[in-house]
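Participant:
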Amino acid sequence: MLSKYRKSKAAILTTLGVIVVITLPVLGSRKKLAQTLSAKLATFQCSQVRLQKYIQQLDEAESAAFDALVECNSQAVPALISTLDDPDNGVRSSAANVLESIGTEAIPDLIQALKNTNSKVRSLAAHAIGRIGTEAKAAIPALISTLNDPDSDVRSNAAFALGQMGTEAKTAVPFLISVFDDSDIYVHFGTTDALEQTGTEAKEAVPALISTLNDPNISVRSSAASALGKIGTEAKEAVPALISTLNDSNISVRSSAASALGRIGIEAKEAVPALISTLNDPNDMVRYSAAFALGRMGAEAKEAIPALISVLNNPNSDPDGLVFFSADYAADVLVQIGTDAIPALVSALDNPNISVRSKAADALGQMGTEAKEAVPALISTLNDPNISVRSKAADALGQMGTEAKEAVPALISTLNDPNISVRSSAASALGNIGSEAKASVPALISIFHDPDRGIRSSGADSLEQMGTNEKEAIVFGTITIGGNDADDVRYNAAEALGKIGTEAKAAIPTLTAALQDEDGNTALNAAVALVKVGGNPQDAIPVLIANLQGNPDCDWYVELATQTLGEIGDKAVPALTTALKDRNWRVRFGAAHALGKIGADAKDSVPELTEVFLDSDENRRVRYQAIQALENIASDEAISVLDKYRETVNAISQKKNLVGIFTLCTYAKTSAVKLATTNHIKRPPVMCRIRVIRSVLRWKCPPIPQNSTHGK
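When we follow this note's numbering, the leftmost residue of the sequence shown carries the number 3, and every step to the right adds one.
Right, dumping it as structure tokens:
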């Protein structure tokens, strides 16, 4: 019976083999046939008949026709060029737009079209070349010749096209200058604009541009001034003419002239008096441009300080807010002028205008240690009745670092300010002053009890910035994290110990115990701190992995846990490799992410990561992250895997396959993750409750609380 079955099976297999052999050529022929049909279909779609139909549909504003012509690419170009002389202006414009969209493939035909007998064709061809931009630089010689075209529209569009080439068109500068005085206003403007776009390469055009500052056309004058500004210091001979132009009747021209003087920089220092006068211009934008110019001249503009303070003090406003913007920039200019502006800024701290006081404090802060002479005045300003001014004064003292050490007592007092922003600025300032502010350690420690979480974090940051190894801070943090304070207080104490770093090794036992804290955030911070102070990272790993199940796009603790696991390095690899099989996709994602951060030291995880990204049922984000991890590991095995499955890698990594896989953040409370962390601690895996197994698999098992019966 068995023999009969084997013979029957052999016969079936033989028959199937014959069918396959016969079918293969047929399948191959079908593939070739499909390719041939596809090619013929493409040829049909771009045939002259179809092209003419698409062009006719352009008149009806058919977007499908436009797209079809672009798809036909170079095959459509001759027909489109012919359409440039269509009697319908809309069709001509649409054809030119298609040529622009086709781009480089259309350039040879467009260059040829510049010689067409029809001026409309030449004009549209020049404009289309300009819209293509620098990719059409091969057309520059032909465009230069076209500057002498008998038709003004053609000349204007040729100038426009050369301008769109930017510095690539530097060879055209002499020719642009030669047609600079064209009788047609549009050509004149086009050449001026082209020289502006050419920038520093147009320095030989300076004399011609200077003469154009008196042109009767507003746009031409404004463009000429802008062009001189873009040429920069090479246009210094234009300074007297630009100074005169500050009195032009047109707002745009005056503004362009002021900006140009600023771009020329200190070479235009003779313009300072005129620019100071321009700070009183009735137009806000002109005043702003004048302030910009003075700022570019730095210390050379020190005589402008009183006028700039006056701008700061301008109480007027307008619907666009440009007065405020101009005043704000005036403060920046004072910073650029430097130490010469300090006395005026110190005086401004007593100005009756709140905005002036605030901007003056901010400007002094931006000067940093150079403004140390302002420290006493800033200390007084910590008592200003306005919140913003007090906050800016504290920030400024912090920016001066150790040079502001005499402000420490005042800043300590400011930690009790009724305003959150001011208290936070004071805490940050003490941190920036550093070890010179060590007298503030007790006060900063007390911040852990501040009702505002942000301020508590600022206090922790400041203790870190001091590089403090103050026993008082470590002892307090150790007591607090192990005590009965509120969750947020314990949380910040753990964070502070982590920021102190290895100097806080004495806190390791307390941090290890805090891994069992019922508050998930405190447990997480304890895990992070334990790693940073040099404790046993294996104790921290379970808590860190438990925090991977948050939203990777939104939740801060996920990134913190991932980053810390990456810092642990190869010791975290076994646990992370196991986590790649977790039921929660976010944990798997976080594990792959962390392995990628570990990099080369995670080479033992390559087989598991490979399995993850090849699993078609796996979440797309997890598969993508596994690929990223393999690329970061970059071992011979990882590279070999990526090369072997390159087609799959490319398919997963394509942008279109990643669209929609990132989560919209809702910033919900983290109670779920807190619960997960707590449950992991209170109810560890069953195997962890057996002492012998727990001692072997420490990376998988959290520490057992002293009052727990697990494992006893």
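Idealized CB from N, CA, C, for every residue including glycine.
1. Between E497 and A462, which are expected to be in contact by the criterion C-beta below 8 Å, what is the C-beta distance as a whole number of angstroms?
2. So which of I311, A273, L336 has the shortest CA-CA distance to N353?
3. So for K583, helix, strand or coil by DSSP?
4. Out of D452, T136, K122, which has the shortest C-alpha to C-alpha gap to R157?
5. Check this for me: beta carbons of A602 and I635, under 8 Å apart or not?
6. Alpha carbon to alpha carbon, how far is I307 from L465? Give it in angstroms, no decimals.
7. Excluding five sequence neighbours on each side, which residues of the same chain lie with their C-beta closer than 8 Å to the C-beta of G436?
8. When the distance is taken between beta carbons, is G456 closer than 8 Å to S430?
9. Do you know how far the Cα of A350 is from the Cα of G264?
10. Can you say whether E198 is buried or exposed, counting buried as having 16 or more other CB atoms within 10 angstroms of its CB?
11. With contact counted as at least three CB pairs below 8 Å, one residue from each stretch, are the segment 284-291 and the segment 223-243 in contact?
12. When the Cα atoms are used, what is the spatial distance from A293 to V255?
13. Please state whether DSSP places G552 in a helix, a strand or coil.
14. Just to confirm the assignment: which complete alpha helix (DSSP H) runs, minimum length 4, are found wholly within the segment 552-621?
15. Under 8 Å, do E372 and T416 count as touching if we go by C-beta distance?
16. Here's the rule: buried if 16 or more other CB atoms are within 10 angstroms of the residue's CB, otherwise exposed. What is V377?
17. With a Cβ-Cβ cutoff of 8 Å, do A604 and A593 count as a contact?
18. Looking only at its own chain, which residues have a Cβ that is under 8 Å from the Cβ of I389, when we skip the five neighbours before and after it?
19. Going by Cα to Cα distance, which pick from L432, N418, N434 is closest to P453?
20. So S258 and S221 are supposed to be a Cβ contact under 8 Å. How far apart are they, rounded?
21. Which residues bound the alpha helix (DSSP H) around H451?
22. If you drop the 5 nearest sequence neighbours on each side, which residues of the same chain put their C-beta closer than 7 Å to that of V651?
23. Do you know how far the Cα of G367 is from the Cα of R359?
24. Just the C-alpha distance for L578 and V608, rounded to the nearest angstrom, thanks.
25. Starting from the C-beta of A128, find all residues in its chain whose C-beta is less than 7 Å away, skip the five residues before and the five after it, and write them out in chain order.
26. Output needed for A226: all residues of its chain with C-beta closer than 6 Å, excluding positions within five of it in sequence on either side, in chain order.
27. Could you say which of A439, D397, I245, S251 lies nearest to V274 if we only look at CA atoms?
28. Beta-carbon within less than 7 Å of V337's beta-carbon, same chain only, minus the 5 sequence neighbours each way: which residues are those?
29. Quick one: grab the DSSP three-state call for S437.
30. Mapping DSSP to helix, strand and coil, what is A398?
31. Just to confirm the assignment, what range does the alpha helix (DSSP H) spanning P345 have?
Facilitator: Walking through what the data contain:
1. Stepping through the sequence shown from its first residue, residue 497 is reached at position 495. Stepping through the sequence shown from its first residue, residue 462 is reached at position 460. Between A462 and E497 the Cβ distance is about 5 Å, and since that is below 8 Å, they are a contact.
2. Numbered from 1 along the sequence shown, position 351 holds the residue referred to as residue 353. Selected option, being the one with the closest Cα: I311.
3. Taking the sequence shown and counting its residues from 1, the one referred to as residue 583 is at position 581. Coil, per DSSP.
4. By 1-based counting over the sequence shown, the position of residue 157 is 155. Comparing Cα-Cα distances from R157 to each of D452, T136, K122, the minimum goes to K122.
5. Here residue 602 refers to the residue found at position 600 when the sequence shown is read from its first residue. Here residue 635 refers to the residue found at position 633 when the sequence shown is read from its first residue. Yes.
6. As a position in the sequence shown, residue 465 is number 463, starting the count at 1. As a position in the sequence shown, residue 307 is number 305, starting the count at 1. For L465 and I307, the distance between alpha carbons rounds to 39 Å.
7. Translated into the one-based positions of the sequence shown, residue 436 becomes position 434. Once the five neighbours on either side are set aside, the close Cβ partners of G436 are G403, T404, Q467, M468, G469.
8. Locating residue 430 in the sequence shown gives position 428, counting from the first residue. Locating residue 456 in the sequence shown gives position 454, counting from the first residue. Cβ atoms of S430 and G456: not closer than 8 Å.
9. Within the sequence shown, residue 264 is the residue found at index 262, counting from 1. Within the sequence shown, residue 350 is the residue found at index 348, counting from 1. Distance between the alpha carbons of G264 and A350: 26 Å.
10. For the purposes of this step, residue 198 is identified with residue 196 of the sequence shown, where counting begins at 1. Classification of E198: buried, given that the 10 Å Cβ count is 16 or more.
11. no
12. On the sequence shown, position 291 is the one that residue 293 refers to. On the sequence shown, position 253 is the one that residue 255 refers to. One C-alpha to the other measures close to 16 Å.
13. Here the question's residue 552 lines up with position 550 in the sequence shown. Reduced to three states, the DSSP call for G552 is coil.
14. 558-570, 575-581, 587-600, 608-616
15. Taking the sequence shown and counting its residues from 1, one reaches residue 372 at position 370. Taking the sequence shown and counting its residues from 1, one reaches residue 416 at position 414. Contact: no.
16. Counted from its first residue, the sequence shown places residue 377 at position 375. The residue is buried, with at least 16 neighbouring Cβ atoms inside 10 Å.
17. Along the sequence shown, one-based indexing puts residue 604 at 602. Along the sequence shown, one-based indexing puts residue 593 at 591. Not a contact, by the Cβ cut-off of 8 Å.
18. Along the sequence shown, read from residue 1 onward, the residue named residue 389 stands at position 387. Only N421, S423, V424 meet the Cβ criterion.
19. Translated into positions along the sequence shown, residue 453 becomes position 451. Of L432, N418, N434, the residue nearest in Cα terms is N418.
20. Indexing the sequence shown from 1 puts residue 258 at position 256. Indexing the sequence shown from 1 puts residue 221 at position 219. About 10 Å; that fails the 8 Å criterion.
21. Here residue 451 refers to the residue found at position 449 of the sequence shown. First-last for H451: undefined, no H or E at that position.
22. As a position in the sequence shown, residue 651 is number 649, starting the count at 1. The answer, listed in chain order, is I629, L644.
23. Taking the first residue of the sequence shown as 1, we reach residue 359 at position 357. Taking the first residue of the sequence shown as 1, we reach residue 367 at position 365. Roughly 12 Å separates the two Cα atoms.
24. Walking along the sequence shown from the start, residue 578 turns up at place 576. Walking along the sequence shown from the start, residue 608 turns up at place 606. One C-alpha to the other measures close to 12 Å.
25. As a first step, residue 128 is located in the sequence shown; it is residue number 126 there, counting from the start. Hits under 7 Å: L116, L145, T148, V156, N159, A160, A163.
26. Mapped onto the sequence shown, residue 226 falls at position 224. These residues qualify, in order along the chain: T194, L211, T214, L215.
27. The residue given as residue 274 occupies position 272 in the sequence shown. Out of A439, D397, I245, S251, I245 has the C-alpha closest to the C-alpha of V274.
28. Against the sequence shown, residue 337 aligns to sequence position 335. So the list reads A365, Q368, M369, once near-sequence residues are dropped.
29. Position 435 of the sequence shown, counted from the first residue, corresponds to residue 437. In the structure shown, S437 sits in a helix (DSSP, three-state: H, G or I).
30. Start at 1 with the first residue of the sequence shown, and residue 398 comes out as number 396. Note: A398 maps to helix in three-state DSSP.
31. Translated into positions along the sequence shown, residue 345 becomes position 343. P345 -> alpha helix (DSSP H) spans 344-350.
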